[in-house]
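Peer 1: Chains as they are written, first to last, in the working numbering: chain B, 1 to 211; chain C, 1 to 211.
First the structure, which I've put down as structure tokens, then a few questions once you've had a look.
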DNA sequence: TAGATTGTTAATCGATTAACAATC
DNA sequence: TAGATTGTTAATCGATTAACAATC
């Protein structure tokens, strides 16, 4: 139960806190102060305390924060205790890499199905999930009831794919296509990932160094 | 030649401008006003004009912006006219997907080599580049002189890999490992991509909907 | 208790938005 | 010329940082 509207800047920092606290826990830290954590994460202690206090009081004056307890709390805030069922649409290079590379459980999801149109790969397995003909998706959704999807389809297929997924009850999209989805219009949630944009900023920084 | 220090917020928006202008150009737009562009990109016209004016005067009063000229200019600002030679370290699932999926030329890079330690995949080709034994990297660097690298190695190998790459003259890193590289310390540039963090924010938004 | 560090309010800084004169 | 839209300054808003009383 969050106090007020949480700003996007704070939300974007939460997963990073969660990761760093995981590292600390792994390295045997029991407690940590905002000052120490700030140093490790290249932030300010003030910011860290402000961020945490959006959600409650997790520390103890004179002591600091209990690492594993704080991590647990942030995990709950992020919804990592419930595993949202997710499907992958498009098992090309990128889709396959994501499905096999990513630990869905640790970020709040459970991959329950993989779909493609390409007959040549249908039936093959990625991890322990077989690639299924996308024509069987409607039936699949009736029983498995996934609510989120990874979009790894060609740009030309995005519009139709999204429309049919929305009709099948999918509400959240992790979108790797070059077409941006807008969360506002429908009651859908979209996280648009533009790997190209990320690399482009690297180009900027490399080249702007030369004044 | 940028006027002053450009804020990070602006830099992060530049690739998106570039993409949208590309779409507009493809769709036959000759000119566009900041108001129109703002609507398409869900920004404000003010912000767009402010952003562009960090770098110069690209528009014309009473007319708007010439789409292809503006795009060309932003491309130059982003350094997309020079193709920085880049190597991929680690040809697992993700590395392979990036190497084959991404149009490096259009984001200012040229993929010139792919390296791995796994004898089983050395010699195989991704696109038209053969996977090479990483032991041959020092020789390769002497002639090809790459200055940037994609890091797709296991977390355990990151530290040593980065150290040797820096010694070989690599200065810019597109980092997909879970270990963050800090741009400050050395004169290196790092773009840390945390796909898990991106998905985690989706989990937050799905779950925080339920108040 | 004294020392440390949080939670929280106040001050500052930067980014976004609004307004408008310049000008095509 | 009149209308449109930029470039740019000023106002607002939000996010970050600093300060400090509360308290463990």
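Think of the CB as a built atom: it goes at the ideal place given N, C-alpha and C, for glycine as much as any other residue.
Excluding five sequence neighbours on each side, which residues of the same chain lie with their C-beta closer than 8 angstroms to the C-beta of residue 202 of chain C?
Peer 2: The answer is none, since no qualifying residue turns up.
Peer 1: How should residue 19 of chain B be labelled, buried or exposed, when 16 other C-beta atoms within 10 angstroms of its C-beta is the threshold for buried?
Peer 2: It is buried - the Cβ of residue 19 of chain B has at least 16 other Cβ atoms within 10 Å.
Peer 1: Output yes if chain B places a C-beta closer than 8 angstroms to the C-beta of residue 107 of chain C; else output no.
Peer 2: It does; some Cβ of chain B falls within 8 angstroms.
Peer 1: Nearest-angstrom Cα distance between residue 90 of chain C and residue 78 of chain C?
Peer 2: If I take the Cα positions, the gap works out to 27 angstroms.
Peer 1: Once DSSP output is grouped into helix, strand and coil, what is the label at residue 148 of chain B?
Peer 2: Strand.
Peer 1: Is residue 154 of chain C near residue 170 of chain C, with beta carbons less than 8 angstroms apart?
Peer 2: Cβ atoms of residue 154 of chain C and residue 170 of chain C: not closer than 8 angstroms.
Peer 1: Please classify residue 116 of chain B: is it buried, with 16 or more other beta-carbons within 10 angstroms of its beta-carbon, or exposed?
Peer 2: Buried, since its Cβ has 16 or more Cβ neighbours within 10 Å.
Peer 1: For the beta strand (DSSP E) holding residue 229 of chain C, just list the boundary residues, first then last.
Peer 2: Limits of chain C in this structure are 1 at one end and 211 at the other, which puts residue 229 of chain C out of reach.
Peer 1: In its own chain, which residues sit with a C-beta less than 7 angstroms from the C-beta of residue 17 of chain B, not counting the 5 before and 5 after it?
Peer 2: Excluding positions up to five away in sequence, the list reads 74.
Peer 1: Would you mind telling me which residues of chain C sit closer than 7 angstroms to residue 94 of chain B, beta carbon to beta carbon, in chain order?
Peer 2: Ordered by position in chain C, the residues that pass the 7 angstroms Cβ test against residue 94 of chain B are 97 and 101.
Peer 1: Could you tell me which residues DSSP puts in a beta bridge with residue 85 of chain C?
Peer 2: Residue 85 of chain C pairs with C:110.
Peer 1: Near residue 199 of chain B, what residues of its chain come up, given a Cβ to Cβ distance below 6 angstroms and the 5 sequence neighbours on each side ignored?
Peer 2: Result list for residue 199 of chain B: empty, nothing under 6 angstroms.
Peer 1: To which residues does DSSP link residue 64 of chain C through a beta bridge?
Peer 2: Its beta-bridge partners are C:60.
Peer 1: Under 8 angstroms, Cβ to Cβ, is there at least one residue of chain B near residue 89 of chain C?
Peer 2: No, because no Cβ of chain B sits closer than 8 angstroms to the Cβ of residue 89 of chain C.
Peer 1: Output the residue ranges of the beta strand (DSSP E) runs that lie fully inside the stretch 180 to 205 of chain C and measure 3 residues or longer, sorted by chain position.
Peer 2: Complete beta strand (DSSP E) runs here, min 3: 189 to 192.
Peer 1: Counting only the same chain and skipping the five closest in sequence on each side, list residues whose C-beta sits under 7 angstroms from that of residue 9 of chain B.
Peer 2: If we look at residue 9 of chain B and ignore the five residues flanking it on each side, it has no Cβ neighbours.
Peer 1: Residue 188 of chain C to residue 172 of chain C, Cα distance in whole Å?
Peer 2: Roughly 6 angstroms between the two C-alpha positions.
Peer 1: Could one say the Cβ of residue 27 of chain B lies closer than 8 angstroms to chain C's Cβ atoms, at least one of them?
Peer 2: No, residue 27 of chain B lies away from the interface with chain C (no Cβ there is under 8 angstroms from its Cβ).
Peer 1: Determine, for residue 2 of chain C, whether the minimum Cβ-Cβ distance to residues of chain B falls below 8 angstroms.
Peer 2: Note that residue 2 of chain C scores a pLDDT of 39, beneath 50, so its modelled location is shaky; the value from the coordinates is reported in the next line. With 8 angstroms as the cut-off, residue 2 of chain C counts as an interface residue toward chain B.
Peer 1: By the 7 angstroms beta-carbon criterion, what residues does the stretch 111 to 137 of chain C contribute toward chain B?
Peer 2: Answer set for the stretch 111 to 137 of chain C: empty.
Peer 1: Closest to residue 52 of chain B by C-alpha separation, out of B:119, B:43, B:96 and B:14, would be which residue?
Peer 2: Ranking B:119, B:43, B:96 and B:14 by Cα distance to residue 52 of chain B puts B:14 first.
Peer 1: Which whole-angstrom value is the C-beta distance of residue 214 of chain B and residue 152 of chain B, which I expect to be below 8 angstroms?
Peer 2: Residue 214 of chain B is absent from the structure shown; chain B starts at 1 and stops at 211.
Peer 1: Taking just the CA atoms, how far does residue 209 of chain B sit from residue 149 of chain B?
Peer 2: Rounded to whole angstroms, residue 149 of chain B to residue 209 of chain B spans 39 angstroms at the Cα level.
Peer 1: If you follow the beta strand (DSSP E) that residue 104 of chain B is part of, which residue opens it and which one closes it?
Peer 2: Neither: residue 104 of chain B is in no beta strand (DSSP E) and is coded neither H nor E.
Peer 1: Consider the Cβ of residue 197 of chain B: report whether some Cβ of chain C lies at a distance smaller than 8 angstroms.
Peer 2: Cβ-Cβ to chain C under 8 angstroms: yes for residue 197 of chain B.
Peer 1: Does residue 44 of chain C get closer than 8 angstroms to chain B when you measure Cβ to Cβ?
Peer 2: No, its Cβ sits nowhere closer than 8 angstroms to a Cβ of chain B.
Peer 1: Does residue 91 of chain B come out as helix, strand or coil in the three-state DSSP assignment?
Peer 2: Three-state DSSP puts residue 91 of chain B in coil, outside helix and strand.
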